[in-house]
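Have a look at the structure below, then the notes.
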Amino acid sequence: MNREKIIVIDFGGQYNQLVARRVRECNVYCEIYSYKTNIEKIKEMNPKGIILTGGPNSCYEEGAPTCGKELFELGVPVLGLCYGAQLMMHVLGGKVCTAPVREYGKIEVEVDQTSKLFSDVSEKTICWMSHNDYIEKQAPGFDIAAHTPACPVAAVQCVEKNLYAIQFHPEVLHTVEGTKMLSNFVFNVCGCAGDWKMDAFVENTIKALREKVGDGKVLCALSGGVDSSVAAVMLSKAVGDQLTCVFVDHGLLRKNEGDEVEEVFGPNGSYDLNFIRVNAQERFYSKLAGVSEPEQKRKIIGEEFIRVFEEEAKKIGKVDFLVQGTIYPDVVESGLGGESAVIKSHHNVGGLPEYVDFKEIIEPLRDLFKDEVRKAGLELGIPEKLVFRQPFPGPGLGIRIIGEVTAEKVKMVQEADAIYREEIANAGIARSIGQYFAALTNMRSVGVMGDERTYDYAIALRAVNTIDFMTAEAAEIPWEVLGKVSSRIVNEVKHVNRVLYDCTGKPPATIEFE
Ligand code: XMP
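Following this line, the structure appears as structure tokens:
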């Protein structure tokens, strides 16, 4: 296909997907390839520009990821970022070595505003630096286009050859004018038109899925969340009723959610697919009876989910493909899982495959961030209610009920949560809060209702703002809204006589209660 494309060459940096995302935000299609990709293949792709990413190595060390000189001789504009910048200088005859002063964090950089890369960028601008090595001497033919006191070569350019290299990271938001710099590269240097949109991604992905699946059978575990819904709809558009979606209702969903999912995907819904809803509430409740330890609850819910899914999959028989709604942050989180401590075991990442007889996994959303998945969802015509659904954990309300889970407690938290959500929507503040929900504390306390003493449960309201869900701060919900929610909950939800608001950030708390 002959659409304009920027290629990102991956040298193992942490922000590579962000680079691609920023380019896509300029409405230019972008794909990431390993640094091992053959130069002939790169030529064939006919990119409008190439971006070399950061990476953890020192480019002058033996065995460090590298690239050939030819990459810079294709006549295609190249932008090197951090490691990519150093590598470009190293390969083209400059000198890279350990910096006398390591720079890390937000640093003021002075840029040459006449450079195409820095056009409309302030002369002194805050950029995100993270490097041990630096460019001591640029390669022949390159001019310095930015510097800091500790980094005399913070950006270089060879204007005739359209080669640019910058030491800092324009892709992260800490670089205040980074997006401008990347769009300068994409438009001023590469001459892109910027006519790629999410509809093209959706259309091309559907086409590619159709080719890949052929007349094979596809199975999808549908949770009703944004990711699995978007993945399912894409597959349904690609292969229609060759797709079967299994929706396990574990009885730990929010109020009416099971029916809402069925309305959209079931026989009276808008899509051509086989929809199986398994009402497994009782199974989950009986497995959870008497269990109050959070990790044990998570494991039970996760295992039971797999068991139910497996039973359904067996009825369907052998399938060729299993669809997963994995999105990019899941890939990163599970990748880090090996080294970091397990705070909570997430049951929906990587749990299913070994239990199902299939040939291959399809993950159509693997390269997208959440908001891009939402855009794709809107593009596919999925109802807004579903597309902008609150993040909801796999174990559902099971981890929003502290201690033992019972059907009665599920009902209480469902009712309280529905009131909370309704009032937040009425106040028109839903889209301004990252995540919000009600949880049932296991605490009972004394209250008074009418003239009677009560000894009932306390509901906790949580609302947080977060960028990446790794850290979060408590959101400030207007007092009138909280007051209204609180009074409705104690009046409308039986056995609740107290409502608390959680002001804790993450860390030290987590977003969910268990
Ligand atoms: P925590 O509680 O770890 O939550 O601060 C961070 C984000 O992850 C969601 N969460 C989960 N999502 N399966 C999921 O898919 C899980 O087991 C799970 N546990 C927590 C949580 O809702 C928040 O958005």
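Residue 374 in this note's numbering is what sits at position 348 of the sequence shown, and the numbering runs on without skipping anything. Ideal Cβ placement from N, Cα and C applies to all residues, glycine included.
Rounded to whole angstroms, the gap between the alpha carbons of Asp225 and Leu406 is 8 Å.
By the neighbour-count criterion, in which 16 or more other beta carbons inside 10 Å mark a residue as buried, Asp443 falls on the buried side. Distance from the CA of Thr201 to the CA of Glu162, rounded to the nearest whole angstrom, comes to 23 Å. Between Leu466 and Tyr297, the alpha-carbon positions lie close to 36 Å from each other. Runs of the alpha helix (DSSP H) spanning 4 or more residues and lying entirely within the region 270-344 occur at 283-291, 307-314, 320-342, in chain order. The DSSP-derived three-state label of Val102 is coil. Considering only Glu289, Pro417, Lys142, the residue with the shortest C-alpha distance to Pro409 is Glu289.
By the C-beta density criterion, Thr140 is exposed, having fewer than 16 other C-beta atoms within 10 angstroms. DSSP places Asp253 inside the alpha helix (DSSP H), whose first and last residues are 252-265.
When Cβ pairs closer than 8 Å are counted between the two stretches, the region 158-172 is seen to touch the region 110-130, the count reaching three or more.
In summary, Arg324 is buried, with 16 or more beta-carbon neighbours lying within 10 Å of its beta-carbon over all protein chains present. Membership of Tyr41 in any alpha helix (DSSP H) is not indicated, and neither H nor E is assigned to it by DSSP. DSSP assignment within the region 475-512 yields the following whole beta strand (DSSP E) runs of 3 residues or more, N-terminal first: 478-491.
DSSP links Glu538 through a beta bridge to no other residue. Excluding residues up to 5 positions away in sequence, Lys95 lie with their Cβ nearer than 6 Å to the Cβ of Val117 in the same chain.
Comparing C-alpha distances from Cys177 to each of Val228, Val135, Gly106 shows the shortest one belongs to Val135. Its chain contains Ile326, Glu330 as the residues whose beta carbon lies nearer than 6 Å to that of Lys313, once the 5 sequence neighbours on both sides are disregarded; these appear in chain order. Beta-bridge analysis with DSSP links Met155 to Gly131.
Leaving aside the five residues that flank Val334 on each side, the residues in its chain whose CB is nearer than 6 Å to its CB run, in chain order, Val274, Val304, Ala306. Under the DSSP assignment, Tyr86 falls outside any beta strand (DSSP E); it carries neither an H nor an E label. Inclusion of Leu423 and Val439 in the CB contact set at 9 Å is warranted, their separation being smaller than that value. Taking 8 Å as the upper bound for CB-CB distance, Val252 and Gly420 are not in contact here, some 13 Å apart. For the options Phe463, Gly250, Gly351, the alpha carbon positioned closest to that of Glu389 is the one of Gly351. Secondary structure note for Ile445: its alpha helix (DSSP H) is the uninterrupted segment 433-452.
Between the C-alpha atoms of Asn517 and Phe495 there is a straight-line separation of about 33 Å.
Lys532 has its CB nearer than 8 Å to a heavy atom of the ligand XMP. DSSP places Asp36 in the strand class (E or B) of the three-state scheme. Using a Cβ distance threshold of 9 Å, Phe347 and Lys243 count as a contacting pair. Leu199 counts as exposed, since fewer than 16 other C-beta atoms from the protein chains shown sit within 10 angstroms of its C-beta. In this structure, Gly531 and Ala489 do not form a Cβ contact; the two beta carbons are roughly 12 Å apart against a cut-off of 8 Å.
Residue Ala315 holds the alpha-carbon nearest to the alpha-carbon of Ile427 among Val382, Glu386, Ala315. Where Tyr190 is concerned, the enclosing beta strand (DSSP E) starts and stops at 189-192. By the CB criterion at 9 Å, Tyr61 and Pro82 fall outside the cutoff.
Residue state for Asp169 is assigned as strand, using DSSP reduced to three classes. Under the DSSP assignment, Gln139 falls outside any alpha helix (DSSP H); it carries neither an H nor an E label. For Ala171, same chain residues with a beta-carbon under 7 Å away, outside a window of 5 residues either side, are Val137, Asp138, Ser141, Leu143, Phe144, Ala181, Val182, Gln183 in chain order.
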